[in-house]
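Comments concern the structure below.
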Ligand SMILES: Cc1ncc(C[n+]2csc(CCOP(=O)(O)OP(=O)(O)O)c2C)c(N)n1
Ligand SMILES: Cc1ncc(C[n+]2csc(CCOP(=O)(O)OP(=O)(O)O)c2C)c(N)n1
Ligand code: SF4
Ligand code: SF4
Ligand code: SF4
Ligand code: SF4
Ligand code: SF4
Ligand code: SF4
Ligand SMILES: [Mg+2]
Ligand SMILES: [Mg+2]
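Chains as they are written, first to last, in my numbering: chain A, 33 to 206; chain B, 33 to 206; chain C, 23 to 105; chain D, 23 to 105; chain E, 863 to 1151; chain F, 863 to 1151; chain G, 62 to 422; chain H, 62 to 422.
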């Protein structure tokens, strides 16, 4: 079982990213579970979401304390959370921290595509793209998942964002 | 323990009569309990109230099924309830039924004194007077009880009614 | 469940005629058949016909509204006999 | 019981300056000290003095209201640097 | 106005109810039966009508009738009206509630009204919680004595109908058991309209107010004649109803004192008190004009 | 009107709250602190303010503050005000509630008002249940889209302030976070009066209505300028407040369209819809004059 | 001083003796006469309290909550549907650790509408953190109300006193009313007081652990109640239970409320016939008098005037969960069905013979 | 069809599949997404039902009561304070024998305000006459909602499905959604329907005995539920409980809700270490699955995510009242405190070693 923790600011779409990836996992023939942070957070605050992916049905419902992968939706988060995991996926132009790090400039991808809400670039699909790549999902599984989540023009843009990040995500080890 | 059932129409004051007699019993150095009918009755309907008098504390709270004394506040009640008890106290010019019967014209006593409410003669204190006599209470105990229950002019009138009935109640056996 | 379902029935409170202290007595000769007494009888015990009104004494509670409402004084309240 | 009693304290939500995408930059030379920005700053992070205003960037959420309200254009919103 | 002779004689209130002698609610319910007949489906929150509706297996009212919790009336009617619509039934949910039910259930009433749910709500207002033994309610008359306002109620009577008017109810009227024909014509109108219809019915109660059971109608009429209770109707526009119209002219009004002195609940009032009330009545008339 | 410079600079809202960027509630709370200072004792039923007030041991608001169940606010204040009176304390209970709380708690609000209990009630109206995720409330604007009115709300906005006026509250006003000085002067007036004081505060919410966080004040002002939100005050008599006065003249009003088109919740509206709403606005102005 | 008082009037007397400062209540049969009497006392100046006529039970307890949070001694009373309508507030008050006292006149929950006694209503409080006492008669109604204020303020938990509807509430009996309390009820420190100048915020969002801590603390304080009842310093001695003819009992009846008086009369009758039977009357349901139930080593009959659909009598369940001996439960007198001395004589005899079924009648 | 759905969306899917005709609900976290989803379905015409936005939970259930009394299939959903606010109506609906279905997303009762899971809220229904089921995951949330309609309409009792707040309600997981129901949910006769032309009066004052009769009848019909669940004809088989690795268990854990998944993982780990441990998961709390508890003859640990102040964990009390073996209770995870696989491993090991205390953590 793969356990993933997503760190994002409210409004960035961490929860949605987890759900999209869960659907993508299902499309890959796996079992999956996406858990939003259990909180009453306002837009802007730090949010934790969780994602489990497994070949067998997932029974547990508790939060993930020791994730295999941590996904970081904003560099600023590094300033307020101590991140330690084998694998990190980060929205950034550079790797920024130590370990096995996958980095992608999801903010720019989102901004370029006009995926903005209340001033925030909505990086969820771009980050989902990067993570899908890290998890070894096919881009098709992911695109289908995005298609089920959004509709119309929005779906199109988000698919584009995911594809771009899927392509552009870079690995770095240190 | 003496167990008494009072039958009256709503508005006639059966419940008040039971309470006054309980206070009178206390004044006589006894224990007593007055139980109103447990119901949602409107003015006019038949009401049962209960009275227990004893030399020892009274513990039970259930209703009285087999009373020693039945007090009947209106002759009309005879038409709708089967009354059977060793002793009956009735508001009537005549005994009206068989057994050991104490009768007194409580309606006239009340009407004469102007004890009327919504067209009804309020016979409670007159009937309490008759019952007190039957129970062997002193008139003083009863007067005190009435004094605690009513105030001013009303107390006076009710004491008069009770005294009159206490004096006038007649015994009859058949 | 059945015990908490009730069906329409006269006399839900029994023979409420027993509640009366005063009894409405109808004087047909004074009546103009205006039906006001019928309209305002809360107990719905007055019936009207071409010949006048009838009062169902089994249920009439003797409230006295009919007598008050009748401009013709065709209803009179009299003290109920104790029987 | 104590754990459900809270006392006044800045930063109940942490350093909310982190929430900013845009940052208000003050241009004192354009300011007329009308204090409207102070009045309408929802986060209460603007302080006024005779010399102008100061913004507490530790908590300013970058909502942009101050910039909009300022008739003098003395506050400008600029994209926050990712650091 | 329908002539008395032409009113339906079918009995929806069956003789031998548990109501007190001279009960105002029963008068209202009779009128309801005359107009709505078997289209009325009653929703009855706790109150005197709970008792009046019957005991054990015997119902005193020939309507389909649901007894419901005190605060729930209009919401239950919302559900019922939805059922009638969906199942193509011709019933009209009628919430028959007391003034007390309109206190505890005011949020419910307000909610159903702003949704414009399809029902007729009648608040039969005897100006106190009678079923529990004459406690003061929001609509208890100013300065009236009740068991919870032993020195007289300190607050003015809540003006339910005006408040419902501000809710934009589809139809609002005041009525009185002293003017049944007026009430009947209002019910006729309410029956024709769809949506949320509200009638505030003035219902003097003999034991609760302290007057003889024969005087229910008279006391109700005195309230109108002295101007304390104003009959009006909002049906697109607000109109004072015929029985009240003469009393817009203050000089035509019955002296308030006569109304007040006829009731035990006002026995403690001074002449000053009465004057104070009179002033408020004037204001009330002004507000409606 | 107090000059901005003379307003108290003491902070009752402490920086670093959990409110969203551009939150209107916080603006209202700031004003409250400026006027009532440490006399205000807040009673806060569930709503966004529950969160805004702080987390864990850290309170964002420098008032004594009781969190209370959703429907209970004014009743809790009744108890508090009794305690303050008896114990000789100078506090004023202020019920700070959302529009949603005024739905479920409408009976409570109504009850406290008719008792004329001593408190200030402020309904900070962001026209939906925001804290639970933008569900429609009684005061949600006509035709606005919410998660429970996905095709737009079918009922008109409940006119809370007028309804409270009909309750004979001791003081009633409408206000807007777009005109804080007007709100502040109303709070000043409310502070001087004893009894039940009610202020209906218009509070546009960026995420709930769908506009940028920088536009809270602008949107609030647009509502006033297009006449959709009318600022008025009842203090013995009803007066339109200064910021709204120009818009009594229809020709002076901002085209409603501009207000509507600035918000995502109205994205689905047709020009017809807007015209319909415009008509209602005219009626509203008529009713107030 | 000995007086004839109904249970409801006895409660009102206690509230007066306790110098209660704030009362808010909403009428419901059979609770109304408590409230009416208090309104009258306040009106006459016999009791210097504020009496607020609220618009619902939810608001009654909300107002009482506010007054108590503001530092006042506060009281309310209700019954059945009223209790259900204020149910949310009951939880709120308990978790807030406010020493509110409430009389609950027990009554059947509808439909059908039924105003007679049943204990299912008051038992809905059993998880909330309220201390729950159940009186047998008017005397206890008075005494437990007074004890209630004392103990509530000692442990900072709200206190509910049950009175059987009509059987206690409306039955007038001999009650010994204390003339004065002689410092029995001093004012005590609260966990918090809401007042101007003290900017605390109470009840907001916290760590999840706080909810858990709060329950643990309540549990701990609840455990102190037994000792406090035994050492209250009240004019009469009380304990969480009453033991009646338990000396050598082979059979023990457990129950609570007004009909326990009838049961005692029945036990006397059976004792005369040589049956070794006694009774453990629960005067308190919360805290549950575990220590008394644990030590029983005889045949136990629990008579429940309440019912949990899908499981059984509530007290029987709780007794069974604790007792170390045979426990038989019977559900009786729901909806106020009258069960008196004769019934109990025959019920207990059937029990002794092992013939008792689950419902009576 | 397999989909990724949250528990709340799974419930909404079930409501749609059940062709519900009337929905009234009031928002409360974490129930809201059920209601929003249903509003959307109705709006889009996917579900031909009336959706009413009421002004409170009391009114939500009142409207549902009215619709159900009028003959419609009706649904609502709520949580914690919402449930407490509609509590009076819960009793009314049950006694009225209306087959209403309600989702209860479990949440801690405040203060302090806390939106996380705890089962104390849904357990306040345990006396009322509602059938109470508790799902472990989104799949069961869907299945039990569908079963709920069937069984409610078969026995004329309302049905509540519990979902752990967030853990089930908001966790998106794989759910197998039936394509259609093929006559699984036919319309059934009701005890009564309120409609014009049928002048019956329901719920008025009756003899006291009626209240008793009603409870007896409810008890009887409640007893039929187990059999009906087992023979429901649903696409998946269900029973009142789930037995997990019970074959040869010396230790049995009893609990309910979302964390039972974590417990199963913990049990697997302990099994691997040779501990003979299994689990009896309560899928239903009412009717209480007595028959399954009675037959246990091993060491039982009840893990309660709820608490009755002054007594203890609620399920532990009920299990103890029935079980014929040693039962130990622990109260854990109140206020949503996270308890996961590791915790359970260590909790169960302590239990086996006889070292477990009453609270976790
Ligand atoms: C929640 C709740 N609280 C209180 C009651 C008790 N109760 C029943 S009827 C009633 C008074 C009814 O007053 P009103 O609505 O004016 O009707 P009336 O009896 O005057 O006709 C009250 C308080 C109840 N049934 N439910
Ligand atoms: C009895 C009850 N029902 C529902 C809720 C859930 N709830 C909490 S806040 C809220 C919405 C608040 O809306 P509003 O009052 O408008 O305040 P806002 O969040 O918009 O500021 C709801 C429905 C609750 N806490 N209690
Ligand atoms: S009111 Fe008088 S006149 Fe009219 S019908 Fe009746 S009895 Fe006849
Ligand atoms: S006395 Fe009353 S009940 Fe009898 S007929 Fe006249 S109005 Fe009707
Ligand atoms: S609003 Fe602009 S001009 Fe006014 S004080 Fe602020 S910065 Fe200066
Ligand atoms: S951006 Fe917003 S929070 Fe920051 S100073 Fe300006 S108004 Fe205040
Ligand atoms: S108390 Fe009044 S309203 Fe109630 S039944 Fe009697 S007369 Fe009618
Ligand atoms: S949702 Fe709106 S009202 Fe609520 S905190 Fe955010 S901005 Fe403020
Ligand atoms: Mg009334
Ligand atoms: Mg809101």
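Each residue gets a CB set at the ideal place from its N, CA and C atoms; glycine is no exception. Quantities reported herein were computed from a predicted structural model and do not represent experimental measurements.
Beta carbon proximity, residue 62 (chain B) to chain C, threshold 9 angstroms: For the purposes of this step, residue 62 (chain B) is taken as residue 30 along the second chain, with counting starting at 1. By this cut-off, residue 62 (chain B) is not an interface position.
Please confirm whether residue 420 (chain G) has its beta-carbon closer than 9 angstroms to some beta-carbon of chain B. Counted from its first residue, the seventh chain places residue 420 (chain G) at position 359. By this cut-off, residue 420 (chain G) is not an interface position.
Is residue 56 (chain D) near ligand 6 - that is, is its Cβ less than 8 angstroms away from at least one heavy atom of it? As a working mapping, residue 56 (chain D) is identified with position 34 in the fourth chain. Checking the Cβ of residue 56 (chain D) against ligand 6 gives no.
Sorry if obvious, but does the Cβ on residue 48 (chain C) come closer than 8 angstroms to a heavy atom of ligand 3? Within the third chain, the letter at position 26 stands for residue 48 (chain C). Checking the Cβ of residue 48 (chain C) against ligand 3 gives yes.
Would you mind reading off the limits of the beta strand (DSSP E) that contains residue 1060 (chain E)? Stepping through the fifth chain from its first residue, residue 1060 (chain E) is reached at position 198. Looking at the DSSP string, the run of the beta strand (DSSP E) that includes residue 1060 (chain E) is 1058 to 1064.
If you check the beta carbons only, do residue 925 (chain E) and residue 1005 (chain E) fall under 9 angstroms apart? Here residue 925 (chain E) refers to the residue found at position 63 of the fifth chain. Here residue 1005 (chain E) refers to the residue found at position 143 of the fifth chain. Their beta carbons are not under 9 angstroms apart, which means residue 925 (chain E) does not touch residue 1005 (chain E) by this criterion.
Proximal residues of chain E, C-beta to C-beta of residue 164 (chain G) below 7 angstroms: Reading the seventh chain from its first residue, position 103 is the one you call residue 164 (chain G). The contacting residues do not exist; residue 164 (chain G) stays about 16 angstroms from chain E at best.
Buried or exposed: which applies to residue 184 (chain A), given that a residue is buried once 16 or more other Cβ atoms fall within 10 Å of its Cβ? Walking along the first chain from the start, residue 184 (chain A) turns up at place 152. It is exposed - the Cβ of residue 184 (chain A) has fewer than 16 other Cβ atoms within 10 Å.
Does the region 183 to 199 of chain B come into contact with the region 146 to 161 of chain G, if we say contact requires no fewer than three beta-carbon pairs (one atom in each stretch) closer than 8 angstroms? no
Who are the near neighbours of residue 422 (chain H) in its chain, counting only those whose CB is closer than 6 angstroms to its CB and skipping five residues on each side? Translated into the one-based positions of the eighth chain, residue 422 (chain H) becomes position 361. Cβ neighbours of residue 422 (chain H) beyond the five flanking positions: none.
Restricting to runs no shorter than 4 residues, where is the alpha helix (DSSP H) found entirely within the region 209 to 295 of chain H? 269 to 284, 286 to 291
Can you pull every residue whose C-beta falls closer than 6 angstroms to some heavy atom of ligand 4, listed in chain order? C:46, C:63, C:65, C:67, C:68, C:77, C:82, C:83, C:84, C:85, C:86, C:87, C:88
For residue 220 (chain H) and chain C, any beta-carbon pair shorter than 9 angstroms? If you number the eighth chain from 1, residue 220 (chain H) lands on position 159. Output row for residue 220 (chain H): interface = no.
Verify the contact flag: residue 118 (chain H), CB atom, against every heavy atom of ligand 2, threshold strictly below 8 angstroms. One-based indexing of the eighth chain puts residue 118 (chain H) at position 57. Checking the Cβ of residue 118 (chain H) against ligand 2 gives yes.
Please report how far the alpha carbon of residue 99 (chain H) lies from the alpha carbon of residue 346 (chain H), in whole angstroms. The residue given as residue 99 (chain H) occupies position 38 in the eighth chain. The residue given as residue 346 (chain H) occupies position 285 in the eighth chain. Looking at the two C-alpha atoms, the distance is approximately 27 angstroms.
Spatial distance of residue 1036 (chain E) from residue 988 (chain E) (CA atoms): Taking the first residue of the fifth chain as position 1, residue 1036 (chain E) is located at position 174. Taking the first residue of the fifth chain as position 1, residue 988 (chain E) is located at position 126. Using only the alpha carbons, I get a separation of about 13 angstroms.
Checking contacts by CB at 9 angstroms: is residue 177 (chain H) closer than that to chain F? One-based indexing of the eighth chain puts residue 177 (chain H) at position 116. No, its Cβ sits nowhere closer than 9 angstroms to a Cβ of chain F.
Given the structure, does residue 1044 (chain F) come close to ligand 2, in the sense that its CB is under 8 angstroms from one of the ligand's heavy atoms? By one-based count along the sixth chain, residue 1044 (chain F) stands at place 182. Not under cutoff, so the answer is no.
Residue 914 (chain F) Cβ short of 8 angstroms to ligand 6 heavy atom set: The count along the sixth chain starts at 1 and reaches residue 914 (chain F) at position 52. No, Cβ of residue 914 (chain F) sits at least 8 angstroms from all heavy atoms of ligand 6.
Excluding sequence positions up to five away, which residues of its chain have a Cβ less than 7 angstroms from the Cβ of residue 831 (chain E)? Past the boundaries of the shown model lies residue 831 (chain E); chain E is included only from 863 to 1151, so the question cannot be answered.
Option nearest residue 102 (chain A) by Cα separation, candidates A:63, A:81, A:88, A:182: Indexing the first chain from 1 puts residue 102 (chain A) at position 70. Considering only alpha carbons, the answer is A:81.
Within 9 angstroms of chain B by C-beta, residues of the region 864 to 885 of chain E in sequence order: 879, 880, 881, 882, 883, 884, 885
In chain order, what residues of the same chain lie with their CB nearer than 7 angstroms to the CB of residue 235 (chain G), ignoring the 5 residues before and after it? Taking the seventh chain and counting its residues from 1, the one referred to as residue 235 (chain G) is at position 174. Excluding positions up to five away in sequence, the list reads 63, 65.
Report all residues from its chain with a CB closer than 7 angstroms to the CB of residue 836 (chain E); omit the five preceding and five following residues, and keep chain order. Outside the shown range of chain E (863 to 1151) lies residue 836 (chain E), about which nothing can therefore be said.
Taking Cβ positions only, does residue 76 (chain A) come closer than 9 angstroms to chain F? Your numbering for residue 76 (chain A) matches position 44 in the first chain. Yes, residue 76 (chain A) lies at the interface with chain F (some Cβ there is under 9 angstroms from its Cβ).
On a CA-only basis, which of E:961, E:948, E:964, E:907 is nearest residue 938 (chain E)? Give me that one, please. Here the question's residue 938 (chain E) lines up with position 76 in the fifth chain. Nearest of E:961, E:948, E:964, E:907 to residue 938 (chain E), Cα basis: E:907.
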